Amino acid sequence: QVQLVESGGGLVQAGGSLRLSCAASGSSSRVNVMGWYRQAPGKQRESVATFTSGGNTNYADSVKGRFTISRDNAKKTIYLQMNSLKREDTAVYYCNAILYGHGIHCWGEGTLVTVSS
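Going by our numbering, the first residue of the sequence shown is number 36, and it counts up by one from there.
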């Protein structure tokens with residue numbers, strides 16, 4: 036079992052910044068890659084920023100240049116620095132981990148980010 040716990044969401048004005056954190060615990064040695072997804076009201080969950088197994092990063096076009104994903108391997112934690120936030124960034128942000136072997140996906144419970152105008 037791998038548990039993912041997100042933190043750092045909240046209410047912020049447009050143009051502001053937030054930093055999300057996601058800590059993995061349990062059988063965290065089974066984690067291959069991690070990343071961030073989000074789901075806005077009435078929309079499907081989408082990838083925001085992810086690590087590849089080679090350590091590279093992928094970003095959604097809508098967040099490139101504004102969001103930065105990073106990680107602290109020793110703490111088994113990833114972060115999402117979100118700058119120049121827009122109203123359309125309002126969503127529940129989920130941490131995701133893909134496990135070695137069968138590629139099982141694990142999800143955190145999500146943290147709400149609300150951007151006001």
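Even for Gly, the Cβ is constructed at its ideal location relative to N, Cα and C. Please read all numbers here as calculations on a predicted model, not as lab measurements.
Nearest residue (CA-CA) to residue i, options the options
| i | options | result |
| --- | --- | --- |
| Pro76 | Gly136, Gly138, Arg122 | Arg122 |
| Ser42 | Ser151, Gly145, Ser152 | Gly145 |
| Val98 | Ser119, Thr87, Lys110 | Ser119 |
| Met117 | Asn131, Asp107, Tyr94 | Tyr94 |
| Ser152 | Gly50, Ile133, Val37 | Gly50 |
| Asp124 | Val66, Arg65, Leu147, Ile139 | Leu147 |
| His137 | Asn91, Thr87, Val66, Arg106 | Val66 |
| Val68 | Thr92, Val150, Ser52, Leu53 | Thr92 |
According to DSSP, residues forming a beta bridge with residue i
| i | result |
| --- | --- |
| Gln116 | Arg54, Thr103 |
| Thr85 | Gly70, Asn93 |
| Gly61 | Val37 |
| Asn131 | Gly70, Trp142 |
| Ser152 | Partner(s): none; Ser152 has no beta bridge. |
| Gln79 | In the DSSP output, where bridge partners are listed per residue, Gln79 has none listed. |
| Val98 | DSSP lists no partner for Val98. |
| Ala49 | Paired residue(s): none; Ala49 is not in a bridge. |
| Ala126 | Val148 |
Outcome for residue i when other beta-carbon atoms lying within 10 angstroms are tallied against a minimum of 16
| i | result |
| --- | --- |
| Tyr28 | Nothing can be reported for residue 28: it is not among the residues displayed for the chain, which extend from 36 to 152. |
| Gly70 | buried |
| Thr85 | buried |
| Asn108 | exposed |
| Ile104 | buried |
| Ile133 | buried |
Cβ separation of residue i and residue j, assumed to be a contact under 8 Å, to the nearest whole Å
| i | j | result |
| --- | --- | --- |
| Gly143 | Leu46 | Rounded, the Cβ-Cβ distance is 20 Å, inconsistent with contact. |
| Gln79 | Val127 | Going by Cβ atoms, the distance from Gln79 to Val127 rounds to 12 Å, so no, they are not a contact pair. |
| Val37 | Cys141 | 5 Å |
| Ser63 | Tyr72 | With 8 Å as the limit, Ser63 and Tyr72 do not qualify as a contact, their Cβ atoms being about 19 Å apart. |
query: Between the region 52-71 and the region 107-119, are three or more C-beta pairs nearer than 8 Å?
result: yes
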